[in-house]
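Asks: Would you mind keeping the following structure in view while I ask a few things?
In the numbering used here, the protein residues as written are 1107 to 1248.
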């Protein structure tokens, strides 16, 4: 499946083995939710202090810049205690590129789980199914 970013419609892309996933702001806004509020609530403390304004009016590129510069390396921002989709969303927001391959997302999440006393049991194929149905988080195939 691939995501048409303009329409947000999913289509079968020939069963790509290692698809790329990205955050598609239009998916969040189409649900009647404010991008600035939804993503701004996930900013780390350092980024919130830097923004020091109304997060609801921030654009996606401005929010992404804050995530990459302030949150990516912050201790505790990526935590194995977060639910799986929340962790994936934070991984995508803090990633250097706008999209990540399934294998890279899985590896990042799995690395977090390795440090946890409790870790969910999900394989890469399960992660693909989860991400293919993550439009409520604004995540879609790139």
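All C-beta atoms, glycine included, are put in the ideal place defined by N, C-alpha and C. Note that the structure is a prediction, hence the values are computed from the model and not measured.
#1: Going by DSSP, what residue range makes up the alpha helix (DSSP H) through residue 1126?
#2: Hey, would you say residue 1208 sits closer than 8 Å to residue 1184, going by beta carbons?
#3: On the DSSP bridge assignment, give the partners of residue 1206 in chain order.
#4: If residue 1126 and residue 1206 are in contact, beta carbons under 8 Å, what's the gap, nearest whole angstrom?
#5: To test your reading of the DSSP string, which unbroken alpha helix (DSSP H) runs of 4 or more residues are found completely within the stretch 1150-1208?
#6: Measuring CB atoms only, is the stretch 1160-1167 touching the stretch 1187-1200, in the sense that at least three cross pairs come out at less than 8 Å?
#7: Express the C-alpha separation of residue 1129 and residue 1245 in angstroms, rounding to a whole number.
#8: Measuring straight from C-alpha to C-alpha, what distance separates residue 1111 and residue 1222?
#9: Tell me, to the nearest whole angstrom, how far the beta carbon of residue 1141 is from that of residue 1166; I am working on the premise that it is less than 8 Å.
Replies: Quick look at the numbers:
#1: First-last for residue 1126: 1126-1129, but that is the beta strand (DSSP E), not the alpha helix (DSSP H).
#2: Cβ distance not < 8 Å, so residue 1208 and residue 1184 don't count as in contact.
#3: Paired residue(s): 1127.
#4: Rounded, the Cβ-Cβ distance is 6 Å, consistent with contact.
#5: Entirely contained in the stretch 1150-1208, the alpha helix (DSSP H) runs reaching 4 residues are, in chain order, 1151-1157, 1166-1172, 1190-1200.
#6: The answer is no - the stretch 1187-1200 does not touch the stretch 1160-1167, with fewer than three Cβ pairs under 8 Å.
#7: Here the C-alpha atom of residue 1245 lies approximately 5 Å from the C-alpha atom of residue 1129.
#8: The pLDDT assigned to residue 1111 is 43, lower than 50, so where the model puts this residue is not dependable; a value taken from the coordinates is nonetheless given after this. Straight-line Cα distance between these residues: approximately 35 Å.
#9: Rounded, the Cβ-Cβ distance is 6 Å, consistent with contact.
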